[in-house]
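Engineer:
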Amino acid sequence: MNKSLSKKEQSAVARIGKSGFRGVRYSGHKAKPWYVDFMHKGKTYYGGIYETQKEAAMAYDNLVTKVAGDKAITNKQLGLLDNPEELIEKIARLKLEIIY
């Protein structure tokens, strides 16, 4: 198991979807196919639509930090914004470490 991530962070990584980022979803729109949404304390927050997954991930980080403060788990905190080329491998590796 990855000792550098807290249990809360490990849970967050395990829930990352196809976008490769926390809080980023695919809408299917041609111009801006990525959107931000998440739930906090039973309320859904919407953070707009974006051309790229990375733009949406950065917008998510800004919004979730405003909403949840110090308790927010961001894509940057999880290391998902560091290097896009390594993103898929990093998520897969983290998920495997959580499972085992």
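Following full-length UniProt numbering, the numbering of the sequence shown begins with 1 at its first residue and continues without gaps. Where is the CB? At the ideal position from N, CA and C, for every residue including glycine. Remember, it's a predicted structure, so these values are computed and weren't measured experimentally.
By DSSP, does Thr65 sit in helix, in strand, or in coil?
Structural biologist: helix
Engineer: Using the Cβ count rule (16 or more neighbours within 10 Å means buried), how would you classify Tyr23?
Structural biologist: The sequence shown places Gly at residue 23, not Tyr. Buried is the label assigned to Gly23, since at least 16 other Cβ atoms lie within 10 Å of its Cβ.
Engineer: Alpha carbons only, please: which of Leu78, Gly47, Glu51 is nearest the one belonging to Ala59?
Structural biologist: Gly47
Engineer: Cα separation between Gln77 and Ala12?
Structural biologist: 11 Å
Engineer: Could you tell me which of Asp82, Ile73, Tyr50 sits nearest to Lys7, measuring between CA atoms?
Structural biologist: Taking each of Asp82, Ile73, Tyr50 in turn and checking the Cα distance to Lys7, the smallest one comes out for Ile73.
Engineer: Measuring only the C-alpha atoms, how far is Met1 from Lys30?
Structural biologist: Unreliable positioning characterises Met1 in this predicted model, as indicated by a pLDDT of 41, which lies under 50. A coordinate reading is not provided.
Engineer: Could you spell out the range, first to last residue, of the alpha helix (DSSP H) harbouring Lys8?
Structural biologist: 7 to 14
Engineer: Take the Cβ of Ala14 as the centre, count every other Cβ of all protein chains shown within 10 Å, and call the residue buried at 16 or more, exposed below.
Structural biologist: exposed
Engineer: Grab me the residues of residue 101's own chain with a C-beta within less than 8 Å of its C-beta, minus the 5 sequence neighbours each way, in chain order.
Structural biologist: Since the first and last residues shown for the chain are 1 and 100, residue 101 lies out of range.
Engineer: Per the DSSP calculation, Met58 is bridged to which residue(s)?
Structural biologist: Note: Met58 sits in no beta bridge, so no partner.
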